[in-house]
Amino acid sequence: MNYSEWADWYDLFYSTESGEEAAFYLEETLSAGGPVLEIGVGTGRIAIPAAKQGAEVFGVDSSPEMLAVAASKAKAAAPLPGGLTLIRADMRTLQLGRTDFALVTIPARTLLLATSYEEQQATLCCAARHLRPGGRLIFNIFNPTPELIFDNSPEPVEIGEAAIAGTETEHGRRFRLSAVNRFDAETQINDATHVVEEIGRDGVSIERARLNVRLRYLFPHEVFSMLEEIEVQVDALSGWFDGSPFDEESEEMVFVASRPG
Ligand SMILES: C[S@@+](CC[C@H](N)C(=O)[O-])C[C@H]1O[C@@H](n2cnc3c(N)ncnc32)[C@H](O)[C@@H]1O
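At the far end of the sequence shown sits residue 1383, using this note's numbering, and the numbering has no gaps.
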């Protein structure tokens, strides 16, 4: 899937988030005790603050446009005492030739962007083989509750409103963000379209972008099977980034796993 058209809008979408996910990954990255590999680093939402606070971070992404945004933000945030290395590579076949990472993270449901069982397992396998013995693999994906996957309403789901602050020479801008999901229960594929509308100062909205995302959702038992097959141990499964226990109504699945020592 092509993430290039997302590069201009990605941070705007994430500005509507509570920040709990980013705070969770930041804390895990800072306390990892060694180099950290982030798979699907995107615009550096987590990697840049982590490197700024002293973590040694390697960020992999397949999109040159997303990496270009990350590189430009990293330059603006310099110095990054921990160091941030950005690498263009595909997570499904990743082989950096190192096995010394203390932590590998796959934030923001990125595992689901591999759209078959085999590709998702290959992604987890590639992630795990970069870990040192005892190193940890942390990732999150959404929980496919029946309310979510059987709701095929054509009505857009509101994501929120976001703003870009004005400057001395330009007015601030306001946006409305929404998405339409199309879940297929047989293939476990969701083809979603995210819409960016700009709200003018007269209150009139103008559509600015339509961004597609294809993902394959995963049930918890599939993830457990995948990890078992590649000999990665699940240490914890939480239902949110605060460590609350996972249950069938949880919004998220946050897996903390490790490579046996
Ligand atoms: C949802 S974003 C996550 C970005 C960042 N980790 C964050 O938390 O803000 C997903 C990222 O995964 C990247 N991606 C998608 N498929 C990929 C693949 N096969 N290999 C590597 N990166 C991929 C996209 O380009 C995008 O930057």
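Here a beta-carbon is modelled for each residue, glycine too, at the ideal position from N, C-alpha and C.
Is residue i near ligand 1 - that is, is its Cβ less than 6 Å away from at least one heavy atom of it?
i	result
Leu1235	yes
Ser1072	Residue 1072 lies beyond the residue range present for the chain, which begins at 1123 and ends at 1383; the question has no answer from this structure.
Met1375	no
Pro1229	yes
Asp1313	no
Gly1162	yes
Met1348	no
Thr1232	yes
Tyr1125	yes
Asp1133	no
Ile1168	yes
For my contact list, residue i and residue j are in at a C-beta cut-off of 8 Å; report their separation, rounded to the angstrom.
i	j	result
Leu1206	Val1226	The pair is not a contact, with the Cβ atoms about 16 Å apart (cut-off 8 Å).
Pro1186	Arg1210	6 Å
Arg1298	Ser1327	6 Å
Tyr1132	Gly1164	6 Å
Ala1287	Val1302	Ala1287 to Val1302, Cβ: 29 Å. No contact.
Leu1233	Thr1245	6 Å
Report the three-state DSSP secondary structure of residue i (helix, strand or coil).
i	result
Glu1431	No answer is possible for residue 1431: the residues shown for the chain start at 1123 and end at 1383.
Ala1154	coil
Gln1243	helix
Val1163	coil
Ala1301	strand
Ala1177	coil
Leu1134	helix
Phe1368	coil
Leu1206	strand
Thr1267	coil
Look at residue i and residue j and say whether their C-beta atoms are less than 7 Å apart.
i	j	result
Leu1202	Lys1174	yes
Leu1159	Phe1223	yes
Ala1284	Leu1134	yes
Ala1379	Leu1359	no
Leu1333	Trp1128	yes
Is residue i near ligand 2 - that is, is its Cβ less than 6 Å away from at least one heavy atom of it?
i	result
Ile1352	Ligands present in the displayed structure are limited to ligand 1, and ligand 2 is not among them.
Per DSSP, what are the beta-bridge partners of residue i in this structure?
i	result
Phe1341	Paired residues: none, contrary to the question.
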